[in-house]
Structures are given as structure tokens and as C-alpha cells.
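Structure, as C-alpha cells:
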Amino acid sequence: LYMDLSFVEVIERLGQDANVDSFANAFAHAGYDLWHANQAARYNILQGIKAPASGHWKNNPHADCIDYQIEADYAGLMSPAMPNAASEISDKIGHIMNYGDGWYGGIYVGAMYSLAFVQKDISLVVSKALAAVPVNSDFHRCISDVIRWHAQYPKDWRQTWFEVQKKWAFDIGCPDGIYSPFNIDAKVNAAYVVIGLLYGKGDYGKTLDITTRCGQDADCNPSTAGGILGTLIGYEKIPAYWKAGLEGSEDIPFKYTSTSLNRVYDMGYRHALENVRRHGGKVDDKGISVELQDPRPVKFERSFPDITPLDKIGVPLEDLQEQTYTFKGTGFVLQGEAVGKDPSAKAKVALIEIWVDGRRTETVKLPVDFITRRHELCWNYELQEGDHQVRVKRVDTEPDVRIRTQDLIITGRPKP
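By the numbering used here, the letter at position 66 of the sequence shown is numbered 211, and the numbering carries on one by one without gaps.
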């Protein structure tokens with residue numbers, strides 16, 4: 146919510162044509178905790194790597210993670226029946242933290258919200274919105290599979306879930322998800338949203354129940370499914386059970402924002418009317434006329450092309466000073482963090498040099514503060530195939546900071 150509202154507040158202050166740096170700086174300098182693609186992008190922005198480079202897979206190992214998918218609600222809600230308008234907004238903002246399938250997650254969610262204003266069949270929302278995503282992307286292929294498996298197993302969502310696991314659950318990007326049951330990949334979690342929407346058959350509680358039981362990002366996925374279905378059926382038809390507690394809380398600003406529910410109701414409505422006007426519609430005393438849009442595919446892009454994880458090796462150190470790693474492959478990711486020895490070290494920053502095959506390639510700042518931290522210590526996906534040596538050398542003199550290492554991930558070319 147606070148990421149959505151960060152972007153909505155920028156639109157409220159500066160308008161939809163605000164430059165991308167305005168949106169990027171709004172969350173990069175905010176006081177809330179972030180993870181995965183969002184945090185990697187925040188670090189990049191604070192270090193001078195601007196959007197869209199901040200979300201590109203070469204600079205962000207989490208480029209395919211779910212982050213923008215769970216923050217794109219606003220783009221669809223302010224683009225009623227105009228999925229291409231939602232995609233225009235998400236092209237600018239979604240590339241701050243994501244690329245490829247990670248970006249497509251936000252494109253797809255925005256399109257589903259947009260179409261939910263005019264479609265009365267949730268299965269049509271799911272299928273029509275997919276036209277906004279290039280057919281040659283893995284994201285499109287994954288969701289197409291879910292739609293096909295739903296037709297094949299119309300009464301058994303667990304079977305469709307199992308088919309998703311067998312074909313799509315191997316993560317190649319997110320370092321936390323490689324060779325791990327943890328999966329924050331956008332397309333897999335979007336598949337769970339779609340499973341809930343299709344098998345829920347318009348029943349609000351059943352939709353949330355199924356989406357939650359699919360697992361992984363099981364707070365965000367049912368929130369996405371519930372938002373899309375709620376847009377389709379309308380607020381009044383959302384069962385009272387799911388609205389309990391709203392009354393009396395609607396004037397309380399969300400944490401880290403100046404925006405309450407009542408304020409965002411007003412803001413969102415005005416932003417939607419402005420977007421209708423911008424895209425050929427009319428707003429006057431007689432009512433609102435919207436130029437309906439059929440979804441068009443956005444540009445094709447792919448994160449981590451011809452890259453696959455080969456190994457994940459535990460390399461635990463509690464106080465790294467200098468360490469050399471040798472491996473065969475085309476890239477690596479070294480997981481770890483800078484840790485303060487006591488709370489007073491929160492503002493401290495460690496410094497490491499990265500040497501690859503005898504050449505210094507990077508000097509990396511490692512803030513101790515969780516808000517401004519670098520999500521991984523270092524990575525490089527663009528080495529020539531073969532044997533490599535990576536040396537990590539600490540070059541600061543902060544006595545109150547330790548550098549902790551965790552795992553070394555080795556990447557290479559996929560097998561034919």
C-alpha cells in the first residue's frame with residue numbers, strides 16, 4: 146500500500162506527466178523497509194543509478210521479482226476500461242524496479258483492473274488482459290498455461306497449481322529463490338492470482354482462499370485477486386465480512402504517507418477522470434464517456450537471457466576482510482550484508498573492492514542501515530564462459546562494522 150500511495154501522491158502533487166525521477170525519489174528516500182527488486186532499485190537510485198537502469202537485470206538481480214506486480218493496482222484503477230493507458234503509466238514507473246517478466250506482472254495486473262470495470266466475467270478479464278503482454282515472453286506462456294489447465298481441470302485447482310510447480314517454479318533470477326522453496330518470481334505468483342480468480346468463480350471468499358492456499362507471496366497475491374474481483378463486482382457486492390473494520394478507520398493516514406482511505410478515494414477518482422480526458426473520453430454534467438481500449442502488447446524484453454544457475458555454495462563468514470572464490474561459469478552473485486556491532490553503527494558504511502580475474506571491476510558501498518542497504522554484496526552476469534577468480538577485499542576502516550557473507554551463486558549457459 147505505501148508503495149502504491151507513494152506513486153499516487155506524486156501524481157497528486159505533480160500530475161501524471163511527472164518525470165520518472167520524481168517517482169523514483171519518492172520511495173528511494175522514504176522511511177519504510179523494502180526488499181527484493183524495490184530495495185535493489187532504492188540502493189541503485191541512492192547511488193546515482195537512475196531509472197530505468199535501476200530496474201534492469203544487469204543492475205538488479207531481482208528484476209523478475211513480484212515487486213511492481215504488487216504495486217500496479219493504482220495504474221489500473223485510474224485507467225477504467227483503458228488498459229493501454231495503464232500500461233503507459235507502468236512503462237515509466239514499473240521500470241524503476243523491474244524488467245522483463247517482473248515488469249510484465251505490473252502490466253498484466255493493471256490491465257486486469259482496467260478491464261474489470263467493464264467486463265462481467267472474470268475469466269474474460271483474465272484472458273483479455275493477457276493481450277497486453279508479449280506472446281513470446283515466459284510470463285505470457287505461464288499464464289496461458291494456467292488458463293489451459295483450468296479448462297483441462299475445471300474442478301481441481303490443486304492440479305493446476307501442481308502443473309505450475311512442475312513447469313514454472315524453478316527460479317533463475319532472485320538469489321533468495323535459487324535452489325530454494327522460496328519463490329517471489331512475478332509470473333509464478335501471477336499464476337496463483339489467476340488460479341484464485343478462475344477457480345473462485347466470482348465468489349469473493351473462495352477467490353481469496355484459493356489464492357492464499359497457492360502459497361509463496363500469500364499476502365500480496367490474494368490482495369491482488371481481491372482488488373481485481375472487487376473492481377468487477379463493485380464495492381457494494383463485496384461481502385460485509387471483508388469490509389469489517391473499515392468504518393471508523395477511513396480518515397487515518399497509512400503509515401509513512403499523508404494519505405487516508407477517504408483521501409485516496411477522492412484522489413483516485415480525480416486521477417481517473419483526468420486519465421479518461423487524456424485518452425479521448427469526456428467528463429461533463431451529463432456523465433462520463435470513456436473511449437474503450439483493447440489491450441495492445443507492450444514491448445518485448447527478457448531478464449537474464451541465456452543464463453541459468455549452476456550451483457549455490459554456502460560460503461559463510463562473519464567478518465570478511467579478504468576472500469577469493471574460484472568457479473567455472475559465466476557469472477556469480479555473492480550474498481551477504483554489512484552488520485553493525487551495536488546500534489550506534491547504523492549510520493556507518495563499509496567499503497569493498499571487487500576484483501575479477503585480476504582486474505578491479507567495482508568498489509561497493511555497503512550501508513549498515515536496513516533502509517539503505519545493498520541487497521547483495523556483489524554480482525556479475527556477463528563473464529566469458531570458463532574459469533574465473535573473484536576476490537572481495539574490504540578497504541574501509543570502520544571497526545564497528547562486520548561484513549557477513551552467506552552464499553555464492555554461480556551462473557552459466559542453459560543446457561540444450
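Glycine included, every Cβ here is placed at the ideal spot set by N, Cα and C.
Source: prediction; values computed, not measured.
Cα separation between residue i and residue j?
i      : j      : result
Lys382 : Thr376 : 10 Å
Val535 : His285 : 37 Å
Tyr244 : Asp209 : 6 Å
Lys300 : Pro206 : 38 Å
Asn170 : Asp236 : 17 Å
Ile215 : Val338 : 11 Å
Ile288 : Val537 : 41 Å
Trp202 : Glu392 : 43 Å
Gly239 : Lys312 : 26 Å
Ala335 : Lys473 : 34 Å
Ala566 : Ile156 : Here the chain has residues from 146 to 561 only, and residue 566 is not among them.
Lys273 : Pro442 : 11 Å
Gly562 : Thr453 : Nothing can be reported for residue 562: it is not among the residues displayed for the chain, which extend from 146 to 561.
Tyr147 : Thr402 : 7 Å
Met227 : Gly160 : 18 Å
Lys457 : Phe315 : 14 Å
Gln297 : Trp306 : 12 Å
Ile317 : Ile323 : 6 Å
Val478 : Ile234 : 32 Å
Asp545 : Asn281 : 50 Å
Trp524 : Val484 : 19 Å
Lys560 : Asp451 : 10 Å
Lys265 : Gly350 : 18 Å
Tyr188 : Arg423 : 34 Å
Find out if the Cβ-Cβ distance for the pair residue i, residue j is shorter than 8 Å.
i      : j      : result
Met257 : Tyr213 : no
Ser268 : Leu343 : yes
Ala495 : Asp541 : yes
Thr475 : Gly557 : yes
Arg518 : Glu482 : yes
Gln361 : Asn328 : yes
Trp294 : Ile355 : no
Ile555 : Leu465 : no
Ser199 : Ala175 : no
Val460 : Thr550 : yes
Ala261 : Pro440 : no
Ala196 : Val165 : yes
Ile252 : Cys365 : no
Lys246 : Ala363 : The amino acid occupying residue 246 in the given sequence is Asp; Lys does not appear at that position. Taking 8 Å as the Cβ cut-off, Asp246 and Ala363 do not qualify as a contacting pair.
Asp178 : Ile516 : yes
Pro367 : Gly341 : yes
Tyr279 : Phe445 : Note on residue identity: the sequence assigns Pro, not Tyr, to residue 279. Yes, they are a contact pair.
Asp283 : Glu308 : no
Val513 : Ile373 : no
Below 8 Å on the Cβ atoms is my guess for residue i versus residue j; work out the distance and round it to an integer in Å.
i      : j      : result
Gln480 : Pro320 : 6 Å
Met223 : Ala417 : 5 Å
Leu437 : Val254 : With a Cβ gap of about 19 Å, Leu437 and Val254 do not count as contacting.
Ile433 : Gly426 : 7 Å
Gln192 : Lys510 : 7 Å
Ala217 : Ser259 : Between Ser259 and Ala217 the Cβ distance is about 10 Å, and since that is not below 8 Å, they are no contact.
Asp502 : His533 : 6 Å
Which residue marks the beginning of the beta strand (DSSP E) containing residue i, and which one marks its end?
i      : result
Ile156 : Run containing Ile156: none in the beta strand (DSSP E); it sits in the alpha helix (DSSP H), 147-159.
Leu455 : 453-462
Asn525 : 523-525
Phe472 : 467-474
Asp429 : 427-429
What residue range does the alpha helix (DSSP H) around residue i cover?
i      : result
Pro228 : 228-239
Thr305 : 302-313
Ile373 : 365-378
Gly496 : In the sequence as displayed, the identity of residue 496 is Leu instead of Gly. Premise fails: Leu496 lies in the beta strand (DSSP E), 494-501, not in any alpha helix (DSSP H).
Ile288 : 283-297
Gly432 : Segment 432-434 is the beta strand (DSSP E) holding Gly432; no alpha helix (DSSP H) there.
Ser140 : The structure shown does not extend to residue 140, since the chain is modelled only from 146 to 561, so the question has no answer here.
Trp248 : 246-261
Ile190 : 181-191
Glu446 : It is not in any alpha helix (DSSP H) - Glu446 carries neither H nor E in the DSSP assignment.
Phe172 : 165-173
Glu381 : From DSSP, Glu381 is part of no alpha helix (DSSP H); its letter is neither H nor E.
Any chance you could list the alpha helix (DSSP H) runs of at least 4 consecutive residues sitting entirely within the region 325-357, in chain order?
-> The alpha helix (DSSP H) runs lying completely inside the region 325-357 and spanning 4 residues or more are 331-345, given in chain order.
Curious, which full-length beta strand (DSSP E) runs of at least 3 residues does the region 509-554 contain?
-> For the region 509-554, whole beta strand (DSSP E) runs of length 3 or above, ordered along the chain, are 523-525, 531-539.
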